[in-house]
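I have placed the structure first, in the form of structure tokens, so that the comments after it can refer back to it.
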Amino acid sequence: MFPCNKWLSKSEDDKQIIRELTCVSPSKPGGDTGKEKINYEISITTSDKKGASMTQNAWLTLEGDKKSSKEFLMNNSSKNPVFNRGETNTFKMPSKHLGKLQQCYLGAVERDDRPLNQTEGRDGMWHCHEVIVTDSSSGNKYTFPCKSWVTITPNVSKKQAKLLSLKEVEEGKVATIRNLANVKYEIVILTGDIKGAGTDANVWITIYGTNGDTGKRPLKQRFRDLFERGQTDKFEIEALDLGELNKVRVEHDNKGLGNQGWFLDKMEITNMATNAKTLFPCDKWLDKKKGDGEISRDLLAVD
-5 MFPCNKWLSK
5 SEDDKQIIRE
15 LTCVSPSKPG
25 GDTGKEKINY
35 EISITTSDKK
45 GASMTQNAWL
55 TLEGDKKSSK
65 EFLMNNSSKN
75 PVFNRGETNT
85 FKMPSKHLGK
95 LQQCYLGAVE
105 RDDRPLNQTE
115 GRDGMWHCHE
125 VIVTDSSSGN
135 KYTFPCKSWV
145 TITPNVSKKQ
155 AKLLSLKEVE
165 EGKVATIRNL
175 ANVKYEIVIL
185 TGDIKGAGTD
195 ANVWITIYGT
205 NGDTGKRPLK
215 QRFRDLFERG
225 QTDKFEIEAL
235 DLGELNKVRV
245 EHDNKGLGNQ
255 GWFLDKMEIT
265 NMATNAKTLF
275 PCDKWLDKKK
285 GDGEISRDLL
295 AVD
């Protein structure tokens, strides 16, 4: 669902006619039935110490705040050997969504084609360094340290498995974007004060930041000649919080009754929630007949 609850009107509220709406629920039409499966990426690192490797299978169950997974078997074989000393092996585990992960059980079990034959001591164990699980639906990465010996058992046994507690969560990009608030940005554009600097063309801007971009936005105002020689023009747009601004793409359509070319001096963009200002110098023509002939430019932020 994408709630709005705002005007798209040039005469109401903030007079915007374009809005970015944030998804507040990733569920499919008809609601989340809990039956859809996602992939969990399981990365297991075997410790880099003597005798840490094993030739047997490993298994894992994940426990989240909504539900627990079934046992997931990670097979070892002569054709595809895994769990070697100091190596990290990655597996894809399909499962219903478990919610936010809280802990997991990790165990080791004999292969049918290679039984241990009552091997004891360290030969019957495996040393795991850590387990990292990535939720593909959110990008969240969960780290479960182990740093201990895991007993290899004839059958899957929760009693002899290691219960691993969550150490940290690295929030993924998808989850971050879902939590972003809408922010208003003030755009101040200064047209150069040289002959022919002004333009009658239609101008667009795309603002880029560490959290994404605004998409292509028109810069328009009613009853005002914009982008005239030596003139300062101000605009407001609303977008999801872009984070630290790093680039702006400014372009025009090379149309209009008068002058099409444009000499852009600079622009400054202010995050109106934090009052953080970012300067984007240009000092170049956007003109098919002057300079390098380009009518689109990428401007980089300066400190």
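Take the sequence shown: its letter number 75 is residue 69 in the numbering used here, and every next letter is one higher. Ideal Cβ positions, reconstructed from N, Cα and C, are used throughout, including at glycine.
Checklist entry - Per DSSP, what kind of secondary structure is residue 118 in: helix, strand or coil? => result Helix.
Checklist entry - Should the region 146 to 166 be regarded as contacting the region 89 to 106, the criterion being three or more beta carbon pairs within less than 8 Å? => result The answer is yes - the region 89 to 106 touches the region 146 to 166, with three or more Cβ pairs under 8 Å.
Item to check | Helix, strand or coil at residue 230 [DSSP, three-state] | outcome: Here residue 230 carries a strand assignment [DSSP, helix/strand/coil].
Checklist entry - Between residue 163 and residue 37, is the Cβ-Cβ spacing less than 9 Å? => result For residue 163 and residue 37, no; Cβs fall outside 9 Å.
Item to check | Inter-residue spacing [alpha-carbon to alpha-carbon] between residue 253 and residue 203 | outcome: In a straight line, the C-alpha of residue 253 is about 32 Å away from that of residue 203.
Checklist entry - For residue 194, does the three-state DSSP call read helix, strand or coil? => result Coil at residue 194, not helix or strand.
Checklist entry - Since residue 139 and residue 161 are thought to touch, with beta carbons under 8 Å apart, how far apart are those beta carbons, to the nearest angstrom? => result With 8 Å as the limit, residue 139 and residue 161 qualify as a contact, their Cβ atoms being about 5 Å apart.
Next on the checklist: Helix, strand or coil for residue 280? Go by DSSP, reduced to three states.
Outcome noted: If DSSP states are grouped into helix, strand and coil, residue 280 belongs with the strands.
Checklist entry - Would residue 280 be called buried (16 or more neighbouring beta carbons within 10 Å of its own) or exposed? => result Result: buried.
Item to check | Extent of the continuous beta strand (DSSP E) run through residue 102 | outcome: Going by DSSP, residue 102 is part of the beta strand (DSSP E) stretching over 95 to 103.
Checklist entry - In its own chain, which residues sit with a C-beta less than 7 Å from the C-beta of residue 23, not counting the 5 before and 5 after it? => result Model confidence at residue 23 stands at a pLDDT of 38, short of 50, so the residue's coordinates are unreliable and nothing is read from them.
Next on the checklist: Spatial neighbours of residue 263 within its chain, please: C-beta separation below 8 Å, excluding the five flanking residues on both sides.
Outcome noted: If we look at residue 263 and ignore the five residues flanking it on each side, its Cβ neighbours are 179, 180, 181, 182, 201, 239, 242, 271, 272, 274.
Checklist entry - Which residues share a DSSP beta bridge with residue 41? => result Residue pairing from DSSP leaves residue 41 without any beta-bridge partner.
Checklist entry - Out of 231, 218, 215, 189, which has the shortest C-alpha to C-alpha gap to residue 208? => result Of the listed residues, the one whose Cα sits closest to residue 208 is 231.
Checklist entry - Which of the three DSSP states, helix, strand or coil, is assigned to residue 286? => result Reduced to three states, the DSSP call for residue 286 is coil.
Checklist entry - Which one of 221, 57, 83, 73 has the shortest CA to CA distance from residue 89? => result Among 221, 57, 83, 73, the Cα nearest to that of residue 89 is on 57.
Checklist entry - Mapping DSSP to helix, strand and coil, what is residue 271? => result DSSP, reduced to helix, strand and coil, places residue 271 within a strand of the structure shown.
Item to check | Selected residue, minimal CA-CA separation from residue 111, among 44, 86, 146 | outcome: It is 146 whose Cα lies nearest to the Cα of residue 111.
Next on the checklist: Taking the alpha carbon of residue 48 as the reference point, which residue from 132, 59, 80 has its own alpha carbon closest?
Outcome noted: Checking every option, the nearest Cα to that of residue 48 belongs to 80.
Checklist entry - Candidates 74, 129, 188, 177: which alpha carbon is nearest residue 236's? => result Of the candidates 74, 129, 188, 177, the residue whose Cα lies closest to the Cα of residue 236 is 177.
Item to check | Between the CA atoms of residue 130 and residue 246 - distance to the nearest angstrom | outcome: Residue 246 and residue 130: Cα-Cα distance of roughly 39 Å.
Next on the checklist: Comparing C-alpha positions only, which one of 119, 190, 141, 226 sits nearest to residue 256?
Outcome noted: Nearest C-alpha to residue 256 among 119, 190, 141, 226: 190.
Checklist entry - DSSP three-state call for residue 46: helix, strand or coil? => result The DSSP-derived three-state label of residue 46 is coil.
Item to check | Those residues which DSSP pairs with residue 261 across a bridge | outcome: Paired residues: 183, 274.
Item to check | Host beta strand (DSSP E) of residue 87 (start-end) | outcome: From DSSP, the beta strand (DSSP E) with residue 87 extends over 82 to 90.
Item to check | Cut-off 8 Å between Cβ atoms - residues of its own chain near residue 65, not counting five sequence neighbours on either side | outcome: Excluding residues within five positions, the ones whose Cβ falls inside 8 Å are 53, 54, 55, 150.
Checklist entry - residue 323: which of 121, 186, 135, 83 sits nearest, CA to CA? => result Absent from the model: residue 323. The displayed extent of the chain is -5 to 297, so no value can be given.
Next on the checklist: Looking only at its chain, what residues have a beta carbon closer than 6 Å to the beta carbon of residue 220, apart from the 5 residues adjacent to it on each side?
Outcome noted: Excluding positions up to five away in sequence, the list reads 227.
Checklist entry - Based on the DSSP output, what are the partners of residue 246 in its beta bridges? => result As computed with DSSP, residue 246 is found in a beta bridge with 197.
Item to check | Delimiting residues of the beta strand (DSSP E) encompassing residue 53 | outcome: Where residue 53 is concerned, the enclosing beta strand (DSSP E) starts and stops at 51 to 58.
Next on the checklist: Whole angstroms are fine: how far does the CA of residue 287 sit from the CA of residue 217?
Outcome noted: For residue 217 and residue 287, the distance between alpha carbons rounds to 30 Å.
Item to check | Cβ shell of residue 61 (< 6 Å), same chain only, five flanking positions each side left out | outcome: Same-chain partners within the cutoff: 92.
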